[in-house]
Amino acid sequence: MSIGQRLYQWWDSDFFYAFRTSPVAIVAFSVVMLLFGGALLAPLLSVMDPFDMAALNLMNGFTPPMQPNAFTGDTFLLGTDDQGRDLWSAILHGLRVSLFVGFSAVGLAMAIGISLGLLAGYLGGWVDALIMRVADVQVTFPSILIAMLIFGIARGLLPPEARNDFAIWVLILSIGLSEWVQFARTVRGTTMVEKEKEYVQAAQLLGLSRLQIMRRHILPNVMGPVLVIATITLALAIIAEATLSFLGVGAPPTQPSLGTLISIGQDFLFSGEWWILLFPALTLLALALSVNLLGDWLRDTLNPRLQ
Amino acid sequence: MLSIILSRLGQATFVLLLVALVSFSMFRFVGDPASNMLGQEASQAEREALKDRIGLNDPLPVQYARFVGNALQGDFGLSYRTREPVADMIASRLPATLELALVSALMALTMGVLLGVYTAINRNGWLAQMIMSTSLVGVSLPTFLIGVLLIWVFAVELSWLPSFGRSGTVDIGGWTTGLLTLDGWKSLVLPAVTLGLYQMTLIMRLVRAEMMEVLRQDFIKFARARGLSERRVQFGHALKNTLVPVITVAGLQLGSIVAFAIITESVFQWPGVGLMFINAVYYVDIPVMSAYLLLVGLVFVVINLIVDLLYLAIDPRIKSKQVGAGS
Numbered sequence: 030m031s032i033g034q035r036l037y038q039w040w041d042s043d044f045f046y047a048f049r050t051s052p053v054a055i056v057a058f059s060v061v062m063l064l065f066g067g068a069l070l071a072p073l074l075s076v077m078d079p080f081d082m083a084a085l086n087l088m089n090g091f092t093p094p095m096q097p098n099a100f101t102g103d104t105f106l107l108g109t110d111d112q113g114r115d116l117w118s119a120i121l122h123g124l125r126v127s128l129f130v131g132f133s134a135v136g137l138a139m140a141i142g143i144s145l146g147l148l149a150g151y152l153g154g155w156v157d158a159l160i161m162r163v164a165d166v167q168v169t170f171p172s173i174l175i176a177m178l179i180f181g182i183a184r185g186l187l188p189p190e191a192r193n194d195f196a197i198w199v200l201i202l203s204i205g206l207s208e209w210v211q212f213a214r215t216v217r218g219t220t221m222v223e224k225e226k227e228y229v230q231a232a233q234l235l236g237l238s239r240l241q242i243m244r245r246h247i248l249p250n251v252m253g254p255v256l257v258i259a260t261i262t263l264a265l266a267i268i269a270e271a272t273l274s275f276l277g278v279g280a281p282p283t284q285p286s287l288g289t290l291i292s293i294g295q296d297f298l299f300s301g302e303w304w305i306l307l308f309p310a311l312t313l314l315a316l317a318l319s320v321n322l323l324g325d326w327l328r329d330t331l332n333p334r335l336q
Numbered sequence: 290m291l292s293i294i295l296s297r298l299g300q301a302t303f304v305l306l307l308v309a310l311v312s313f314s315m316f317r318f319v320g321d322p323a324s325n326m327l328g329q330e331a332s333q334a335e336r337e338a339l340k341d342r343i344g345l346n347d348p349l350p351v352q353y354a355r356f357v358g359n360a361l362q363g364d365f366g367l368s369y370r371t372r373e374p375v376a377d378m379i380a381s382r383l384p385a386t387l388e389l390a391l392v393s394a395l396m397a398l399t400m401g402v403l404l405g406v407y408t409a410i411n412r413n414g415w416l417a418q419m420i421m422s423t424s425l426v427g428v429s430l431p432t433f434l435i436g437v438l439l440i441w442v443f444a445v446e447l448s449w450l451p452s453f454g455r456s457g458t459v460d461i462g463g464w465t466t467g468l469l470t471l472d473g474w475k476s477l478v479l480p481a482v483t484l485g486l487y488q489m490t491l492i493m494r495l496v497r498a499e500m501m502e503v504l505r506q507d508f509i510k511f512a513r514a515r516g517l518s519e520r521r522v523q524f525g526h527a528l529k530n531t532l533v534p535v536i537t538v539a540g541l542q543l544g545s546i547v548a549f550a551i552i553t554e555s556v557f558q559w560p561g562v563g564l565m566f567i568n569a570v571y572y573v574d575i576p577v578m579s580a581y582l583l584l585v586g587l588v589f590v591v592i593n594l595i596v597d598l599l600y601l602a603i604d605p606r607i608k609s610k611q612v613g614a615g616s
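Protein chains in written order, with my numbering: chain A, 30 to 336; chain B, 290 to 616.
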């Protein structure tokens, strides 16, 4: 099959038809791609390295957007913060941190949730009972509370001088561990259906090990709903990361994420420097809203039964 | 009936003991309790003496049992940071959190029901349409951002309301209340709205959906045919029939109000237990963290228990199903 035919087939598929006829999906996808691109190309697109203290000129502090600074005459697209840090560059780098934490946390939650879900669904018995009981108790508590708790425990286990260096990893761990339940529950349910099907029985007759059957045969068939949950969880993880960083128990001061930038911006509201708050807040809002809309659209398109 | 109640109580106790186990493990294994209590300068001998005295050398199950026993008597140890008894810290901050949670829950419930009824009745009116689309944006906004935006508009630009803290409190027998003075209410408005907004939208959407369902049913047509006023049909007949699911959801949401209070309290520097917890996480003050976990665990388990039992009292079908399942 030629590339042209393949492209046509893809263009003609139900999935792509649903995509190109939904304005919400197109707009949400474009915004997400724009933000992803900005985060990926942050070092190229930014005018300065916002973390290099030597490059900062304190005289440039509090420059309003699109206006030349009174002392230095420099102009900044989105203005600067109190340290003279260019907000455009800071937002791009903050977006990078937020997205890195968001994706890694969802990856971790997926890995844990899928493994435990497969084990619970395929093995059944006491393994199933144990995993699902833990999941039940965990979902009683809001996930942001669990994430804060894990963050505190992990900080306590680290020596004080290492806390800032590992803060990003601790953040990923706490958000990942707080969001696995949804994956496990869904995978368990699908696995219980799949394991009764003939192809699994055939694999069992061939004498494949339980691990091989779970990994090679059942896993590919449970991935559909998992991708939908992953998108919705990504929005939740981004918001959780922003919230934790805003509260000061997330990204370290040396690696500000969007939440950190918003909490810095809040300090300058009363003195009238509104741009330090507004632009990071708008970026976070655009990111969370468009990922959310995209997740909703994916859910409705891939699995009408879930509605 | 009694056996169901007993089994629910048993489940609740089990969950609480599990939460206590997590809480105990945090206290025992995160950092060294003895050196945290004595500070850096203490000698090895002093540390061993303290370990013996407070029983850190006993077998772990004994230590766990002692931990649960102490917690039941309201003894959660001393904070590593302030050296105050944790129980006193909680007691002095609990009124602030409870008042905030209560006011925002009541606001969410009344406003949610009113707006839900309004949007259900005037389904195609422009105001109802606008309320519905605004609520969609409201659900996507993170709580802390709602708080910051409210501060911006009402405290900075309009300077109508204070932006942080709790003022105008009156001490009534150890319970500080801000509900008796105008200043107290003023400082409560923004945090309460921030905390209650999400719950309000949830309740509003639920009431709207349920109302639209009920308004289609035959007994509403009969009520209209009997010549009752439209208001009596809507509030006396339709709304009454939507309340069971609403009360359940509102009850379960009380738990999330407690969790989101942490965020709201930090945004507004509201001196409640949530702010205490987030500071404890930052400074790794383990006794405060584990006491807070126990407290929140208790709140959640009690709320779930009450909702479960309310279900049993309200809906007889659940009772027969449970008996049929043999539990």
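Heads up, the beta-carbon is just placed ideally off N, CA and C, and yes, glycines get one too. Quantities reported herein were computed from a predicted structural model and do not represent experimental measurements.
| Item | Value |
| --- | --- |
| Does the CB of G320 (chain B) have a neighbour CB from chain A at under 8 Å? | yes |
| Could you tell me if Q362 (chain B) is buried or exposed, where buried requires 16 or more neighbouring beta carbons within 10 angstroms of its beta carbon? | exposed |
| Which of the residues in the segment 170 to 188 of chain A, read from start to end, lie with their CB under 8 Å from any CB of chain B? | F170, P171, I173, L174, M177, L178, F180, G181, I182, R184, G185, L186 |
| How big is the Cα-Cα spacing for P249 (chain A) and G299 (chain B)? | 40 Å |
| Indicate the three-state DSSP secondary structure (helix, strand or coil) for D460 (chain B) in the structure shown. | strand |
| For V585 (chain B), which residues of its own chain have a beta-carbon under 8 Å away from its beta-carbon, when the five flanking residues on both sides are left out? | V547, A548 |
| Using DSSP with H/G/I as helix, E/B as strand and the rest coil, what is L70 (chain A)? | coil |
| Do we get a CB-CB distance below 8 Å when we pair L582 (chain B) with the residues of chain A? | yes |
| Given that a residue counts as buried once 16 or more other Cβ atoms are within 10 Å of its Cβ, and exposed if not, what is G613 (chain B)? | Any reading at G613 (chain B) must be qualified, since the residue scores a pLDDT of 43, below 50, and its modelled position is unreliable; the value itself is stated next. So G613 (chain B) ends up on the exposed side. |
| Using a threshold of 8 Å, state whether the C-beta atoms of T260 (chain A) and L323 (chain A) are closer than that. | yes |
| Would a C-beta distance cut-off of 8 Å place V135 (chain A) and Q167 (chain A) closer than the cut-off? | no |
| With respect to the alpha helix (DSSP H) encompassing R566 (chain B), which residues constitute its N-terminal and C-terminal limits? | The amino acid at residue 566 (chain B) is misidentified as Arg; the sequence shows Phe. Counting along the chain, the alpha helix (DSSP H) containing F566 (chain B) begins and ends at 562 to 572. |
| Taking any Cβ of chain B, which residues in the segment 279 to 296 of chain A have a Cβ under 9 Å from it, in chain order? | G288, I291, S292, G294, Q295 |
| Are V621 (chain B) and G205 (chain A) close, meaning C-beta to C-beta below 8 Å? | Residue 621 (chain B) lies beyond the stretch modelled for chain B, which goes from 290 to 616, so this question has no answer here. |
| Tell me which residue opens and which closes the alpha helix (DSSP H) that F132 (chain A) is part of. | 116 to 152 |
| What does the alpha-carbon distance come out to for the pair L335 (chain A) and S368 (chain B)? | Caution applies to L335 (chain A), whose pLDDT of 45 falls short of 50 and renders its modelled position unreliable; the value that the coordinates give is listed next. If you take the alpha carbons of L335 (chain A) and S368 (chain B), they lie about 47 Å apart. |
| Are the C-beta atoms of T272 (chain A) and some chain B residue less than 8 Å apart? | yes |
| Check the Cβ of V166 (chain A) against every Cβ in chain B and list those closer than 7 Å, keeping chain order. | V304, L307 |
| Listing by chain order, which chain A residues have their CB less than 9 Å from the CB of G476 (chain B)? | Looking at the sequence itself, residue 476 (chain B) is Ser, so the reference to Gly does not match. Correct list: empty, because the minimum Cβ distance to chain A is about 16 Å. |
| Which word fits L306 (chain B), buried or exposed, when buried means at least 16 other C-beta atoms lie within 10 angstroms of its C-beta? | exposed |
| Against I268 (chain A), what residues of chain B qualify as contacts under a CB-to-CB distance less than 8 Å, listed in chain order? | P431 |
| Per DSSP, T466 (chain B) is paired with what? | B:V459 |
| Does the segment 527 to 542 of chain B touch the segment 390 to 408 of chain B, meaning 3 or more C-beta pairs lie closer than 8 Å? | yes |
| Thinking C-beta only, is L491 (chain B) closer than 8 Å to Q542 (chain B)? | yes |
| For N325 (chain B), report the span of its alpha helix (DSSP H) as first-last. | 322 to 327 |
| Below 7 Å on C-beta distance, what does A315 (chain A) contact in chain B? | The premise fails here: A315 (chain A) is roughly 10 Å from chain B at the closest Cβ pair, so nothing lies under 7 Å. |
| With C-beta atoms as the reference, is V577 (chain B) less than 8 Å away from M326 (chain B)? | no |
| I'd like to know if the segment 142 to 152 of chain A and the segment 235 to 255 of chain A are in contact, where contact means that at least 3 CB-CB pairs between them fall below 8 Å. | yes |
| Note down, in chain order, every chain B residue with its Cβ under 7 Å from the Cβ of N321 (chain A). | S429 |
| Sorted by chain position, which residues of the same chain lie with C-beta nearer than 6 Å to T289 (chain A)'s C-beta, five sequence neighbours on each side aside? | S274, A280 |
| Going by C-alpha distance, which of B:L583, B:V522, B:V478 is nearest A394 (chain B)? | B:V478 |
| Excluding the 5 residues flanking T220 (chain A) on each side, which residues of the same chain have their C-beta closer than 7 Å to its C-beta? | G146, L147, G150, Y151, I247, V251 |
| First and last residue of the alpha helix (DSSP H) that includes Y407 (chain B)? | 375 to 410 |
| Does the pairing of the segment 427 to 439 of chain B with the segment 309 to 329 of chain A give three or more beta-carbon distances under 8 Å? | yes |
| Assign L367 (chain B) to one of three DSSP states: helix, strand, or coil. | strand |
| Counting pairs of Cβ atoms below 8 Å between the segment 406 to 423 of chain B and the segment 496 to 504 of chain B, do you hit three or more? | yes |
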